[in-house]
Structures are given as structure tokens and as C-alpha cells.
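Asker:
There are 2 protein chains.
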Amino acid sequence: MATMVDVARVAGVSTSTVSHVLNGTRNVEPATRRRVLAAIEDTGYRQDTLARAMRRARTDSIGLIVSDAGEPAFAEMVHGVEQAAAENDLTLLLANSAEDAQREQRAITTLMNRRVDGLILACSASTDISAIGALGDERAPVVLLDRLHRTLPFDQVGADNRESMRALVNHLVEQGHTGFVVVAGDTRVPTLAERLEGFHDGLRDGHLHSGSQVVCEGVDASVMFAQVAETVGRGAASAVIACSTPLATLALNALQSVNRSVPGEVAFATFDGFRNPDLFSPRVTTVRQPAYDMGMTAVQLLLARLSAPESSPRTVRLHQSIELRDSTEAFTFTKP
Amino acid sequence: MATMVDVARVAGVSTSTVSHVLNGTRNVEPATRRRVLAAIEDTGYRQDTLARAMRRARTDSIGLIVSDAGEPAFAEMVHGVEQAAAENDLTLLLANSAEDAQREQRAITTLMNRRVDGLILACSASTDISAIGALGDERAPVVLLDRLHRTLPFDQVGADNRESMRALVNHLVEQGHTGFVVVAGDTRVPTLAERLEGFHDGLRDGHLHSGSQVVCEGVDASVMFAQVAETVGRGAASAVIACSTPLATLALNALQSVNRSVPGEVAFATFDGFRNPDLFSPRVTTVRQPAYDMGMTAVQLLLARLSAPESSPRTVRLHQSIELRDSTEAFTFTKP
DNA sequence: CGCTCGAATCGAAACGTTTGCGTCGTCGCC
DNA sequence: GGCGACGACGCAAACGTTTCGATTCGAGCG
Numbered sequence: 001m002a003t004m005v006d007v008a009r010v011a012g013v014s015t016s017t018v019s020h021v022l023n024g025t026r027n028v029e030p031a032t033r034r035r036v037l038a039a040i041e042d043t044g045y046r047q048d049t050l051a052r053a054m055r056r057a058r059t060d061s062i063g064l065i066v067s068d069a070g071e072p073a074f075a076e077m078v079h080g081v082e083q084a085a086a087e088n089d090l091t092l093l094l095a096n097s098a099e100d101a102q103r104e105q106r107a108i109t110t111l112m113n114r115r116v117d118g119l120i121l122a123c124s125a126s127t128d129i130s131a132i133g134a135l136g137d138e139r140a141p142v143v144l145l146d147r148l149h150r151t152l153p154f155d156q157v158g159a160d161n162r163e164s165m166r167a168l169v170n171h172l173v174e175q176g177h178t179g180f181v182v183v184a185g186d187t188r189v190p191t192l193a194e195r196l197e198g199f200h201d202g203l204r205d206g207h208l209h210s211g212s213q214v215v216c217e218g219v220d221a222s223v224m225f226a227q228v229a230e231t232v233g234r235g236a237a238s239a240v241i242a243c244s245t246p247l248a249t250l251a252l253n254a255l256q257s258v259n260r261s262v263p264g265e266v267a268f269a270t271f272d273g274f275r276n277p278d279l280f281s282p283r284v285t286t287v288r289q290p291a292y293d294m295g296m297t298a299v300q301l302l303l304a305r306l307s308a309p310e311s312s313p314r315t316v317r318l319h320q321s322i323e324l325r326d327s328t329e330a331f332t333f334t335k336p
Numbered sequence: 337m338a339t340m341v342d343v344a345r346v347a348g349v350s351t352s353t354v355s356h357v358l359n360g361t362r363n364v365e366p367a368t369r370r371r372v373l374a375a376i377e378d379t380g381y382r383q384d385t386l387a388r389a390m391r392r393a394r395t396d397s398i399g400l401i402v403s404d405a406g407e408p409a410f411a412e413m414v415h416g417v418e419q420a421a422a423e424n425d426l427t428l429l430l431a432n433s434a435e436d437a438q439r440e441q442r443a444i445t446t447l448m449n450r451r452v453d454g455l456i457l458a459c460s461a462s463t464d465i466s467a468i469g470a471l472g473d474e475r476a477p478v479v480l481l482d483r484l485h486r487t488l489p490f491d492q493v494g495a496d497n498r499e500s501m502r503a504l505v506n507h508l509v510e511q512g513h514t515g516f517v518v519v520a521g522d523t524r525v526p527t528l529a530e531r532l533e534g535f536h537d538g539l540r541d542g543h544l545h546s547g548s549q550v551v552c553e554g555v556d557a558s559v560m561f562a563q564v565a566e567t568v569g570r571g572a573a574s575a576v577i578a579c580s581t582p583l584a585t586l587a588l589n590a591l592q593s594v595n596r597s598v599p600g601e602v603a604f605a606t607f608d609g610f611r612n613p614d615l616f617s618p619r620v621t622t623v624r625q626p627a628y629d630m631g632m633t634a635v636q637l638l639l640a641r642l643s644a645p646e647s648s649p650r651t652v653r654l655h656q657s658i659e660l661r662d663s664t665e666a667f668t669f670t671k672p
């Protein structure tokens, strides 16, 4: 591989001139510039990003850690981040944490060691917040994506989870539902905790007793599965709300296991949702994250911080929209 | 940030000793090793991957380019690659090409400039093969994933597309189907071309006239949509086969547009398929790629090549399995 | 003509590692 | 006791850039 020294020799100039031609960092005589460019062409020279990054303090790359880039919501975020990164000539280094604090920590150090200019992080459920807080001392700034932590002094971008859930519950109450199962999942995940709060907000709005509602909370899928199946099985709830896509598959499986049809016998809604929601039945009512925009926003926050390191951290909440579909339609017809 | 020089000073040794301690590249007195390790602890030293990569000729990172990491099949492959990469202490640099030759080319140069040790590539549809062939001259070896090109001298890993399609068609013929619509899509994509070949194999096996079958081929989604709707609408086919997930959504949309129910009025099968195929109806019969394994295999081929650069290129075909579901079940009951 | 000034370019020191080669003891052996 | 060998480590040259003075050269001016 040709190096800058080769180019310089061929063009009959010094390496510094070559560098300046390449980066436009200072004026160089048009004639010499042409010679240099020709020499670059001749030698097939390509810049060595590594050596470059080493001299400058930047790598023009950013890191992104999510729990699973295959999950529809995250996939969208990844697209957004990728798009914004490309627009700003940044390379994206992606890592999956698989909701595992240890893998996450490994990913963080790997990326930091690689001197990413910034890190976008959707914390895993089991993440130790204080460990993340320690990232404040790193040279690279951190932006929290989706999984927000109020106590941490980072830029953050998420959705208005609490308000959306509240609106969803209001809608269902209006349709006549009074008994809910909400599959909240691992509420150590802030996103899920916020959604659960919104659920209680909605209950209050509808003057419903929260004691008679069933909240499936926790890490153990089989426990939550059993709870859903049992509650719905004995007819103690008419509506099921899942707080994420994996939880939705869990809930739907539970409903199938007790032979309850959606929306015939029980209404169902979820957050984040499935791909192609209109192709299959039941078409499920979904609170959809503006995931793509969240990804793009995260990059923008990162860039903003890079150019103004000392400004105070910003938190951006993007609006979620509720996509009403068949799975919550039954009660509109039997409504008194 | 502390450097090796700092560590060396604190430990009272030379940088070379520090380096050797870190890499285990030569014996060092247990006592000195302890001093060095303590010094590392004290100074909070962390290796600079960049400087390291620059001195060695390796970066311990590999690149992966797919058209869309959100697409279920690719998502699985990404997982596989990621897993295998992690197991071998490799960092993964991921890029999406969005089926666009230009973006793909950009991604390739970006990654090559970053001196990845190897590149795994699922070519986009519009890729210019000769441009890819030129990658043979790069310092980093290339492995083709999923989208195979027989003429290119690279290691490759894919699925037995042709045979699987043949088996699928055989199955459908056995059920009594004689009129097919196959949504083949952009047959510049080798995977899709292979599946189409398999379709004709299957027809021959069943002694069916290929002239009376409808093949929707091409890039224009609306054209294929119209073809499917028209053919099925006038009852000229009893089975629809989609050759990829996006094509399946297209086909199902078309079926909905002419109010044909699956599997009541028409049988349907697809390649690659959807997530959670058992949760929604119709449950669609799917030829499932061993995507995860393909990803892992790709990394293994890469590592093998790195350690034996001159061995001749290998092509690995992994077996796909057909998951039979409701969407192709109707005819089993009306079978004569 | 000598001097200053500015534009264009060069030279060389970094950046933080790895690594081949050298040095310095120490130990064993005859 | 001298000598060779060997083990433990230090020195310094790379790797391919960027960048900060330094240098050169010609023009302009008094």
C-alpha cells in the first residue's frame, strides 16, 4: 500500500504539502496541488484512517450499543443513527448487549478503547447505573437513547412513554374496559417503568380502582405468562396491554394458551409493535415509537455536545402516536 | 489519559517491558510483572487500540455489510456474525447498503480504509460484480454472505436455495396445486435467482407445463403487485410463493387487495419469513434460512483465510428447512 | 541595493505502540 | 576462575499521519 511518503516523492514535494492538499488545511499553489493529486492517482494512495486518527484526537466514528438491533424498535433506531452518521461522515460501530450488563460493559470498553468520538447507549435492563455514571469521566461524550435515566448528567433522547400510555388507557376506558392486565416486564428499564406509571395515571383519570388491576412485572417470562393466562382465563380482565414487543409475544402466546381470541374476547394493545402490522390478524393496536427520529436525534445531540462540550445536558422527548387497529375494536360495537 | 510511558515510569521499567507484560509476548520476572500491573492500576492506563493497530498490521476488527440489518433474515445473520466475532475478540463494524450499489461501495471503502482485518459482504442487488471482484486486490480478505457469486474467487456461505425451493414446490404439487404464482423479485440477486431455478426444477419434477405458470420478476414492486393481484384475481393460480420477506409482504398485500383469503382460497408460502410466525394468522409456511449459522460460518471462513491466505476459496451451503404451517394446509383436506 | 514581509513549502517532532537487537548480570560447567 | 549461555530487560526504530516552527524566494519599498 502506498503511503504519503510515496506520494510526496512522486510529486516531488514534502509529506506536509500532501497532507495539506488532502485536508485543505492551508493554501497550496494550484500547480503543486495538481501534481500532488496526480501522484495520488498514480500511486493508488489511500489515506490511512488509523494513523490519521492517531495524530488528530478524533476518529470520526461513533459507537452505538442497543440490546438487540433485530428488535423492530431498535432496528429503526439503528437506521436513524446510521443515516445521521452517514450524513455527517461518521462511521458507525454497532454492538448488541443482549440485555446483559456484562456484555454491555465489554462493549463500552471496546468502543471507548477504539476511541470513538461519542457513544450512544440504550442501557440494558440489568445495567448498574453507577457504572454508567462513571462514563462521565471518559473522553468521549455519551448520549442515552430510549432508556433514559433522569439522574445521569448525559444528553438523552426518548419518547413520551408515560403520556402515551395514559392516552391509551383513556381510550380503552372510554370503550368500556374496566379490568386490565398490563404486562410491564422488567421495570428496571426506565422506558417500561414510565409506561407503567402512565398506566396508573390513566386509571386515575378513569376513576378506576388500581387494586383490581393486574400488573405483571419482573424478569421471569414464565411467571408473567402464567399471570396473564390465569387472569384472562378466569375472565378477570377484558383488556391486555403489553409494554414492549417481546412482552407482546409473551402475552399473545398466553392468550392463545387459554384460547382467548383477540379482539373477540379480549382487547389487546402493545407498545413498539410488530413489522407489517396490517398483514396479519389480529391487527394489533400499537403505540409506535418515532424510533428513526430518535436515532437521528441522538446523533445530533452527540454532535452538538462535541462542538460545545460544556453546555448543560439536554433531554429530548419525542411524541409517540397511537395506531388504532382491530385488536381494540370489539368494544366499540358492544358499547352501551 | 495515561500512556504506556506513564506506566513504565511509575513501575520503573521500560515501555517495552510494559508492552510485553500486556501482551504476554515474552517472559518477565513475576516481581516486575506485579509492579507493572500495579502501575497500570494506579495510572488507570488503558491500551490505545489505534496506536496498537498501527504498529501491528491488524486491527482485530471485521466489517459486515448487509442491505438491511433490520430485515429478519439479515438480523439473524448479524447476530451470528456478532457472536462469532465476540468469541474471537473481534470488533464488528456494521454498515447497511440499503440495496444501493453506491452506498455499498462507500461502505466498502470506509471499512477498508479503517483497515478491517476482513470483510463480510452480502452484495446489494444493483452491485456491479466486477467492482466487487476488484476487492481481491485489497489487503483484507472478503467473504460473501447469502448473496453468492459463483464467478468470484472468494470464500462464500449461503443456503441451498435451489434445492429448498424444489422441495417446496414438490410438496405443493403433491397437495394438488398445478397453478403457481412465484414472486421472484430482483433476480440479479443470486439468492433469488437460485430460488427461481429451483422453482423450475420443481415444475419439471411434477411434469407441469412451465408456460402456464406466472413468474413475477423485476425491481418494480407495483408491477409485481399488479401481476399477483391480476393472476390470483382471475383464479389462474392456487398457490403463491414469495422468494423473500419483502416480496411476501408485497404478495400478501396483493392478495388482500383482491380479497383472497389464505389459505381458504389460495395457498401461500415464503422464504425467510416473518418474526413470530405462530402468533398471527395466517400462519405462513416458510423456508427458513439457517441465518445465524450462516453468520457464524462467515466469520469462521474469514478466520481460516486469515491464517491461510493462499488456500483456495471455499463455498459453504447450509441446509434450509421448510416449516409447514396453515397457509399451505387447505388442499390437504380437499385432496382427491 | 539592502531590508522587510508574506506566500509557499519543507523538516522534523510528535501521537502511543510493538519489536528486533543489545546489554548486563548470573549461573553452570569444565 | 574463566567462559559460554541464557534470562531479564532496556533502547530506539519503526508504523503513517498532522502540525508547528523554520526556510526559501521573490516582490516591494525606501
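For the protein sequence lines, the chains are A and D, in the order given.
At position 116 of the first sequence (counting the first as 1) the number is 116 in the working numbering, and the numbers step up by one without a gap.
If you want the working numbering, it's the 1-based position in the second sequence plus 336.
Glycine included, every Cβ here is placed at the ideal spot set by N, Cα and C.
(1) With a cut-off of 8 Å, does the C-beta of Gln383/D fall near any C-beta of chain A?
(2) What residue from Val183/A, Phe274/A, Gly158/A, Ser67/A has the CA that sits closest to Thr127/A's CA?
(3) For chain D, is any of its Cβ atoms less than 8 Å away from the one on Ser222/A?
(4) What's the call for Val223/A, buried or exposed, on a 16-neighbour Cβ count within 10 Å?
(5) Round the Cβ separation of Ala461/D and Arg531/D to the nearest angstrom and send it over; I've been treating them as touching at under 8 Å.
(6) Output yes or no for whether 8 Å exceeds the beta carbon distance between Gly295/A and Val81/A.
(7) Per the DSSP calculation, Leu280/A is bridged to which residue(s)?
(8) In three-state DSSP terms, what is Asp662/D?
(9) Assuming Glu69/A and Ala443/D are in contact, meaning their beta carbons sit under 8 Å apart, how far apart are those beta carbons, in whole angstroms?
(10) With distance defined between alpha-carbon atoms, name the residue in Ser212/A, Thr178/A, Ile65/A nearest to Leu144/A.
(11) Closest Cβ-Cβ distance between Met390/D and chain A: below 8 Å?
(12) In this structure, does DSSP put Gly360/D in helix, strand or coil?
(13) Could you run through the region 439-471 of chain D and flag, in chain order, every residue whose CB is less than 7 Å away from some CB of chain A?
(14) Using a Cβ cut-off of 8 Å, pull out every chain D residue sitting near Ala254/A, in sequence order please.
(15) CB Leu302/A to CB Gly133/A, shorter than 8 Å?
(16) Roughly how many angstroms lie between the CA atoms of Asn253/A and Leu615/D, to the nearest whole one?
(17) With a CB to CB cut of under 7 Å and the five nearest residues on each side skipped, what residues in its chain are close to Gly44/A?
(18) Checking contacts by CB at 8 Å: is Val142/A closer than that to chain D?
(19) Report yes or no: is there a C-beta of chain A within less than 8 Å of the C-beta of Asn612/D?
(20) Any idea what DSSP makes of Val10/A, helix, strand or coil?
(21) Beta-carbon separation of Arg288/A and Gln320/A under 8 Å?
(22) Please list, in chain order, the chain D residues whose beta carbon lies closer than 7 Å to that of Asn23/A.
(23) For Ala421/D, collect the residues of the same chain with a Cβ closer than 8 Å to its Cβ; drop the 5 residues on either side in sequence, then sort them by chain order.
(24) For the candidate residues Gly176/A, Phe268/A, Ala236/A, whose alpha-carbon lies nearest to that of Cys243/A?
(25) Give the C-beta separation of Ser212/A and Ala229/A to the nearest angstrom, bearing in mind that I take them to be a contact with Cβ-Cβ under 8 Å.
(26) Could you list the residues in the region 138-168 of chain A with a C-beta less than 9 Å from some C-beta on chain D, going in chain order?
(27) Since Ala51/A meets chain D, which of its residues come closer than 8 Å, beta carbon to beta carbon?
(28) Name, in chain order, the residues that DSSP records as bridge partners for Glu553/D.
(29) Return yes when the Cβ of Gly494/D is within less than 8 Å of the Cβ of Thr527/D, no when it is not.
(30) Between Pro489/D, Asp537/D, Ser352/D, which lies nearest to Met501/D when the distance is taken from Cα to Cα?
(31) Starting from the beta carbon of Ala411/D, find every residue of chain A whose beta carbon is closer than 9 Å, and list them in chain order.
(32) Whole alpha helix (DSSP H) runs in the region 53-111 of chain A with 4 or more residues, listed along the chain?
(33) To be precise: take each residue of the region 289-301 of chain A, compare its Cβ to all Cβ atoms of chain D, and keep it if any distance is under 9 Å. Which residues remain?
(34) On the premise that Val551/D lies in contact with Val602/D, defined as a C-beta separation below 8 Å, what is that separation, rounded to the nearest angstrom?
(35) Alpha helix (DSSP H) containing Arg540/D: first to last residue?
(36) Any beta carbon of chain D sitting closer than 8 Å to that of His79/A?
Answerer: Looking at the coordinates:
(1) yes
(2) Ser67/A
(3) no
(4) With fewer than 16 other beta carbons inside 10 angstroms of its own, Val223/A counts as exposed.
(5) Contact doesn't hold; Cβ gap of about 14 Å is too wide.
(6) yes
(7) For the sequence presented, residue 280/A should be read as Phe rather than Leu. Phe280/A is not bridged to any residue.
(8) helix
(9) Going by the sequence as given, residue 69/A is Ala instead of Glu. Contact doesn't hold; Cβ gap of about 16 Å is too wide.
(10) Shortest Cα-Cα distance from Leu144/A to any of Ser212/A, Thr178/A, Ile65/A involves Ile65/A.
(11) Yes, Met390/D lies at the interface with chain A (some Cβ there is under 8 Å from its Cβ).
(12) coil
(13) Thr446, Asn449, Arg450, Arg451
(14) Going along chain D, no residue has its Cβ under 8 Å from Ala254/A, so there is no contact; the nearest lies around 11 Å.
(15) Remark: C-beta atoms of Leu302/A and Gly133/A do not approach each other more closely than 8 Å.
(16) 7 Å
(17) Ala2
(18) no
(19) It does; some Cβ of chain A falls within 8 Å.
(20) helix
(21) Yes; because the gap between Cβ atoms is below 8 Å, this pair is in contact.
(22) Those within 7 Å of Asn23/A in chain D number zero; the least Cβ separation is about 15 Å.
(23) Ile398, Thr427, Leu428, Val635
(24) Phe268/A
(25) 18 Å between Cβ atoms; not a contact.
(26) Arg139
(27) Met390
(28) Gly521/D
(29) yes
(30) Asp537/D
(31) Asp68, Ala69, Gly70, Glu71, Ala75
(32) 72-87
(33) none
(34) That belief does not hold up - the Cβ atoms of Val602/D and Val551/D are roughly 17 Å apart, past 8 Å.
(35) 526-541
(36) yes
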